[in-house]
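*Asks:* The opening position of the sequence shown corresponds to residue -18 in this note's numbering, with each subsequent residue numbered one higher.
C-beta: ideal position from N, C-alpha, C; glycine also.
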Amino acid sequence: MRDGGSTNGDNSMRFDLWLADACRTADVSYDDFILTIATGGYPCLPGVAPGSPRTFDETDLLALYVYGRLLAFGIGALRAGEYAGRVHTALRTNTDATSVAIVLTPHGGKRVVVDREPPAPARSERIEFDIAAIRRFLNRRIEHFCEEQPQDQSMSCS
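1) Per the contact definition of three or more C-beta pairs closer than 8 angstroms, is the region 33 to 42 in contact with the region 77 to 85?
2) State the beta-bridge partners of aspartate 111 as determined by DSSP.
3) Report the rounded CA-to-CA distance for arginine 121 versus leucine 26, giving the unit in angstroms.
4) Given that a residue counts as buried once 16 or more other Cβ atoms are within 10 Å of its Cβ, and exposed if not, what is arginine 116?
5) What residues in its chain sit with their C-beta under 6 angstroms from that of glycine 22, if we drop five residues either side in the sequence?
6) Kindly identify the DSSP beta-bridge partner or partners of leucine 42.
7) If we ignore side chains and look at the alpha-carbon of each, how far apart do leucine 51 and glutamate 109 end up?
8) What number of angstroms, rounded off, separates the C-alpha of proline 87 from the C-alpha of arginine 107?
9) With a cut-off of 8 angstroms on the beta carbons, I'd call histidine 69 and alanine 44 a contact; round off their distance for me.
10) Give the DSSP-derived three-state secondary structure of arginine 50 in the structure shown.
11) Taking its Cβ as the centre, do 16 or more other Cβ atoms sit within 10 Å of aspartate 2, making it buried, or is it exposed?
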């Protein structure tokens, strides 16, 4: 990890994570994630421009966490990547979001709902993510990893 800019005001994590560190922090299998990337199934991957580093800021890490949880729920990698991309976009445009939900509509559609939007239709299925709780969880993991790491290893904590 390395010190980086804030994307979401005072509640934000202040770091940029390299790909492997981001996977470890978000509890996502690095090897599985690399396969998803290779198939083009993760549209919100940072650093896609040639020569740019693949570091994860707060929003990138939140989306990666959502991706990992969707996989744990049994959703396929490509679909989980698609949903993570939609969550990523929602979080970028709603930096003060406290909750994000993926709503599966009765007609097979899907949408991402931010906490300020009206509730989903009564017959829809909803997978909701408490963004504030996820931030706290990720911050604790990062603090723990920083305490474990000697200064000369790949994760540098500032």
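*Replies:* Reading it off the structure:
1) Taking one beta carbon from each stretch, the region 77 to 85 and the region 33 to 42 have fewer than 3 pairs nearer than 8 angstroms; the two do not touch.
2) Per DSSP, Ser80.
3) The C-alpha of leucine 26 is placed about 23 angstroms away from the C-alpha of arginine 121.
4) The residue is buried, with at least 16 neighbouring Cβ atoms inside 10 Å.
5) The residues are Ala58, Leu59, Gly62.
6) The partner list for leucine 42 (beta bridge, DSSP) is empty, contrary to what the question assumes.
7) Looking at the two C-alpha atoms, the distance is approximately 11 angstroms.
8) So the two alpha carbons sit approximately 11 angstroms from each other.
9) Rounded to whole angstroms, the Cβ separation of histidine 69 and alanine 44 is 4 angstroms, and the two are in contact under 8 angstroms.
10) Helix, per DSSP.
11) If you draw a 10 Å sphere on the C-beta of aspartate 2, you find 16 or more other C-beta atoms in it, and that means buried.
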